[in-house]
Amino acid sequence: MMAVPGYTLGAFMLVLHVKSVANYPNGKVTKSCHGMIPEHGHTPQSDPAHNISVSQMTFKPGDQIKVTLSGPPFKGFLLEARNAEDLSGPPVGSFTLIDSQVSQLLTCEDTQGSAVSHTNSHEKTEIKVYWNAPSSAPNHIKFLVTVVEKYRIYWVKIPSPVISQPNVLPFTTPEATVEPMPTTLPPVSHLTKSFNTSDCGNKKFCIRSPENCDPEKELACVFLSFTRDDQSVMVEMSGPSKGYLSFALSHDQWMGDDDAYVCIREDQTVRIQPAHLVGRSHPVMDPRDPLEDTAWRLMDGVMQCSFRRNATLPGVKNRFDLNASYYIFLADGAADDGRIHKHSQQPLITYEKYNVTGYPQNVGGSHSLFLLKVHGALMFVAWMTTVSIGVLIARFFKPVWSKALFGNAAWFQVHRMLMLTTSALTFIAFLLPFIYRRGWNWHAGYHPYLGCIVMVLAVLQLLLAASRPPLHDPRRQMFNWTHWSMGTAARIIAVAAMFLGMDLPGLNLPGPQKTYAMIGFVAWHVGAEIVLEIHAYRLSRKDEILDDDRIQILQSFTVAEEEGHAFKKAVLAIYVCGNLTFLIVFLSAINHL
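So that you can map any letter, position 227 of the sequence shown is 223 in my numbering, and since no number is skipped, the others follow by simple counting.
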């Protein structure tokens, strides 16, 4: 049961799809009901390209009016009816679907069916629904729709013609417009050279991976720095990425309620955007931008961005006070048309909390948290080393180490010690992910389930071994087969769990080397068993021939036994050396995460 996953955020799970109209391909956008504004961090388009038409211009309570949204291909939408004299008020009435394949009803302001949205992200050119006029309908109604063509291109609150009840005063109130939206973004400049690390630990608080790397000389260097300048802080971030780079400030090593900043590549430019994390949900881009002096650079597959923000922003929601201490996460991943996808590897997380505006330091971090590293290391030791050696000793070394040791045969004592060690290591390793996750992880695939099966089999093996019948007891043969079957099943399942665990975010070992190394270990162990099996078979055949010929039986048996024992010891020594080599490879990989 390698590392239980998941985000471990610490795993700053920047599955950074934004909570917005467009970012929900399934159309579940009830959080956008009131403002109808996608939180994409982009400026909405000003000239509507889509149109809302209605089947009639007058209505009475209880009427059904067909509403049609049409225009160039679009992916997402949110349609509501509002009081034409109070467009900022709650939705009015309810809708009935015409085609449930492309549209669905939403509950806004506790009114079921008061809004309509998309059901998928497929392109569509027309949506038709019925609006049901309520008994308490206002005199004048206007339909509003937000339409998303793509992540960066959307229109907010496109209005329809006003429809009115009969025999009421004409609608004369000036048409309300959408709340003013920023038409320009803060000025962005281009960086002319890579960031300098000479001030790290002197004037700058720096985080680097690999430790002490230099972004000016190493393309693979991931770099983040904070420089205090009176009441503001200058932030610099650099690293290899074709999509986005991001960092977050967190009160703990878990994702949720964090202050995040993202540099997103859009064609040949970079957008620098603050965001925040709510619970373990996707990060939300913040439309209000408190960042100044933003700048960026793209060169040789490396993205660099910088910005300045005040150390304290008391009037800005979701922005942390930089005078306090936080864990810091660094992540990168792919971006498509400004939309951010899941990070490409486990984020780098600092070992402890730091105050980035305090004493300048030069620190590092890890892509895997300590508990998960220990979990993986213990499982490798148990199921690559102790159990494998213990199995070979029990299977092939009974005649080699048959002399008594503390009341039992030496081979049995060694076998028992190794198996008890395996069970103890497995039990400790089994608990660590639960301690770290504070419960079960539902996003780790089959790995935790296989780990639980291995743990159960290990406990059953101990209980079974404790009730081992005497050598000549009639139940001994049943015991032997049961003990062998359960042990073999546990080893096979453990190897499968290790294969799966190596790819989990919490212990994402470098690949494909890790896969080749694990295949090599399995082949090494199977090869050792095959060699010893062949040797045991040939030795038994030689004994049969000697027995048939009745020639110098005692002397020949003794020579054959000595030769056989020497060969087995040599094979075991070579096997243990190879086994330890594989173990060192994996433990070194874990240590460098």
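From the three backbone atoms N, C-alpha and C, an ideal C-beta is built for every residue, glycine too.
None of these values were measured; they are calculated from a predicted model.
Inset, instruction - Determine the closest residue to Leu241 out of Gly252, His247, Ser228, Arg261, with distance taken between C-alpha atoms. - result: For the purposes of this step, residue 241 is identified with residue 245 of the sequence shown, where counting begins at 1. Measuring from the Cα of Leu241, the nearest candidate turns out to be Arg261.
Legend entry - Pro279 versus Ile580 - alpha carbon distance: For the purposes of this step, residue 279 is taken as residue 283 along the sequence shown, with counting starting at 1. For the purposes of this step, residue 580 is taken as residue 584 along the sequence shown, with counting starting at 1. Using only the alpha carbons, I get a separation of about 38 Å.
Inset, instruction - Spatial neighbours of Ile123 within its chain, please: CB distance less than 6 Å, with the 5 preceding and 5 following residues excluded, ordered by chain position. - result: Taking the sequence shown and counting its residues from 1, one reaches residue 123 at position 127. If we look at Ile123 and ignore the five residues flanking it on each side, its Cβ neighbours are Leu65, Ser99.
Inset, instruction - Taking only the alpha-carbon atoms, compute the straight-line gap between Ala406 and Ala400 and give it to the nearest angstrom. - result: Start at 1 with the first residue of the sequence shown, and residue 406 comes out as number 410. Start at 1 with the first residue of the sequence shown, and residue 400 comes out as number 404. Roughly 6 Å separates the two Cα atoms.
Legend entry - Expected contact under 8 Å - CB spacing of Ala454 and Thr418 to nearest Å: As a first step, residue 454 is located in the sequence shown; it is residue number 458 there, counting from the start. As a first step, residue 418 is located in the sequence shown; it is residue number 422 there, counting from the start. Rounded, the Cβ-Cβ distance is 7 Å, consistent with contact.
Inset, instruction - Look up Lys153 in the DSSP assignment and say whether it is helix, strand or coil. - result: Looking up residue 153 in the sequence shown gives position 157. DSSP places Lys153 in strand when its eight states are reduced to three.
Legend entry - Segment contact flag, the stretch 80 to 91 with the stretch 129 to 140, C-beta cutoff 8 Å, min 3 pairs: yes
Inset, instruction - Could you tell me whether the stretch 101 to 118 touches the stretch 56 to 72, using the rule of 3 or more Cβ pairs below 8 Å? - result: In short, these stretches touch, since the Cβ pair count reaches three.
Inset, instruction - Look up His136 in the DSSP assignment and say whether it is helix, strand or coil. - result: On the sequence shown, residue 136 is found 140 positions in, with the first residue counted as 1. It is a strand residue.
Inset, instruction - Return helix, strand or coil for Gly235, following the three-state DSSP convention. - result: One-based indexing of the sequence shown puts residue 235 at position 239. In this structure, Gly235 counts as strand in the three-state DSSP scheme.
Inset, instruction - Would you tell me roughly how many angstroms separate the C-alpha atoms of Thr168 and Lys62, rounded to the nearest one? - result: The sequence position of residue 168 within the sequence shown is 172, counting from 1. The sequence position of residue 62 within the sequence shown is 66, counting from 1. Answer to the nearest angstrom: the Cα atoms are 24 Å apart.
Inset, instruction - Go to Trp127, then tell me how far its alpha helix (DSSP H) extends in each direction, as first and last residue. - result: Your numbering for residue 127 matches position 131 in the sequence shown. Looking at the DSSP string, Trp127 is not in any alpha helix (DSSP H); the run it does join, the beta strand (DSSP E), is 120 to 128.
Legend entry - Beta-carbon proximity check, Thr353 vs Arg224, cutoff 7 Å: The residue labelled residue 353 in the question sits at position 357 within the sequence shown. The residue labelled residue 224 in the question sits at position 228 within the sequence shown. Yes, these two residues count as a Cβ contact at 7 Å.
Inset, instruction - Would you mind giving the Cβ-Cβ distance between Phe303 and Asp289, rounded to the nearest angstrom? I have them listed as a contact below 8 Å. - result: Counting from one through the sequence shown, the residue named residue 303 turns up at place 307. Counting from one through the sequence shown, the residue named residue 289 turns up at place 293. Confirmed, about 6 Å.
Inset, instruction - Give me the Cα-Cα distance between Thr511 and Ile449, rounded to the nearest whole angstrom. - result: On the sequence shown, residue 511 is found 515 positions in, with the first residue counted as 1. On the sequence shown, residue 449 is found 453 positions in, with the first residue counted as 1. Rounded to whole angstroms, Thr511 to Ile449 spans 22 Å at the Cα level.
Inset, instruction - Hey, could you find the ends of the beta strand (DSSP E) Trp313 is sitting in? - result: The residue labelled residue 313 in the question sits at position 317 within the sequence shown. It is worth fixing the name first, because residue 313 is Lys in this sequence and not Trp. Here Lys313 belongs to no beta strand (DSSP E), and DSSP marks it neither H nor E.
Legend entry - As assigned by DSSP and simplified to three states, the class of Trp407: The residue given as residue 407 occupies position 411 in the sequence shown. Note: Trp407 maps to helix in three-state DSSP.
Inset, instruction - State the DSSP-derived secondary structure class of Gln264, mapped to helix, strand or coil. - result: In the sequence shown, the residue the question calls residue 264 occupies position 268. Of the three classes helix, strand and coil, the one that applies to Gln264 here is coil, per DSSP.
Inset, instruction - Following the continuous beta strand (DSSP E) through Cys448, name the residue where it begins and the one where it ends. - result: To locate residue 448, count along the sequence shown from 1; it is residue 452. Not the beta strand (DSSP E): Cys448 falls in the alpha helix (DSSP H), residues 443 to 462.
Inset, instruction - Could you tell me whether the stretch 332 to 349 touches the stretch 357 to 365, where touching means 3 or more Cβ pairs closer than 8 Å? - result: yes
Legend entry - Whether His411 touches Ile389 by CB criterion (7 Å): Along the sequence shown, one-based indexing puts residue 411 at 415. Along the sequence shown, one-based indexing puts residue 389 at 393. Result yes, Cβ atoms of His411 and Ile389 sit closer than 7 Å.
Inset, instruction - Starting from the C-beta of Leu496, find all residues in its chain whose C-beta is less than 8 Å away, skip the five residues before and the five after it, and write them out in chain order. - result: Numbered from its first residue, the sequence shown carries residue 496 at position 500. Answer for Leu496: Met(-2), Gly441, Tyr442, His443, Leu446, listed in chain order.
Inset, instruction - Output the distance between the C-alpha atoms of Arg434 and Val377, rounded to the nearest integer angstrom. - result: The residue labelled residue 434 in the question sits at position 438 within the sequence shown. The residue labelled residue 377 in the question sits at position 381 within the sequence shown. The C-alpha of Arg434 lies about 24 Å from the C-alpha of Val377.
Legend entry - Proximity to Gln357 [Cα-Cα], best of Gly197, Asp95, Phe430, Asp226: Indexing the sequence shown from 1 puts residue 357 at position 361. The candidate whose alpha carbon is nearest that of Gln357 is Gly197.
Legend entry - Exposed unless 16 or more other CB atoms sit within 10 angstroms - verdict on Cys259: By 1-based counting over the sequence shown, the position of residue 259 is 263. When all chains shown are included, Cys259 counts as buried.
Inset, instruction - Please state whether DSSP places Trp520 in a helix, a strand or coil. - result: Numbered from 1 along the sequence shown, position 524 holds the residue referred to as residue 520. Helix, per DSSP.
Inset, instruction - Would you mind sorting Trp477 into buried or exposed? The rule is 16 or more other CB atoms within 10 Å of its CB. - result: What you label residue 477 is simply residue 481 of the sequence shown in a count that begins at 1. The residue in question, Trp477, is exposed, as its Cβ has fewer than 16 Cβ neighbours within 10 Å.
Inset, instruction - Would you give the residue range spanned by the beta strand (DSSP E) that Gln108 belongs to? - result: Here residue 108 refers to the residue found at position 112 of the sequence shown. Taken as a continuous stretch (DSSP letters only), the beta strand (DSSP E) holding Gln108 covers 107 to 114.
Legend entry - Beta-bridge pairing of His186 - partner residues as DSSP gives them: Here residue 186 corresponds to residue number 190 of the sequence shown, with the count starting at 1. Looking at the DSSP assignment, His186 forms a beta bridge with Trp292.
Legend entry - For Lys598, the first and last residue of its enclosing alpha helix (DSSP H): A query on residue 598 cannot be resolved here, the shown segment of the chain reaching from -3 to 589 and no further.
Legend entry - Nearest neighbour of Gln265, chosen from His247, Ser185, Ser190 [CA to CA]: Here residue 265 corresponds to residue number 269 of the sequence shown, with the count starting at 1. Position check: residue 265 holds Thr in this sequence, whereas Gln was assumed. Looking at the Cα atoms, Ser185 is the closest of the given residues.
Inset, instruction - Give the single residue among Asp226, Asn437, Pro34, His272 whose Cα lies nearest to the Cα of Glu145. - result: The sequence position of residue 145 within the sequence shown is 149, counting from 1. Out of Asp226, Asn437, Pro34, His272, Pro34 has the C-alpha closest to the C-alpha of Glu145.
Legend entry - First through last residue of the alpha helix (DSSP H) which encompasses Gln60: For this step, residue 60 is matched to residue 64 along the sequence shown. That residue, Gln60, is in no alpha helix (DSSP H); its beta strand (DSSP E) goes 60 to 70.
Inset, instruction - Please report how far the alpha carbon of Gln161 lies from the alpha carbon of Lys56, in whole angstroms. - result: Locating residue 161 in the sequence shown gives position 165, counting from the first residue. Locating residue 56 in the sequence shown gives position 60, counting from the first residue. Spanning the two alpha carbons is a distance of roughly 6 Å.
Inset, instruction - Confirm, please, whether the CB-CB distance from Asp226 to Arg315 is below 7 Å. - result: What you label residue 315 is simply residue 319 of the sequence shown in a count that begins at 1. What you label residue 226 is simply residue 230 of the sequence shown in a count that begins at 1. Between Arg315 and Asp226, the gap from beta carbon to beta carbon reaches 7 Å or more.
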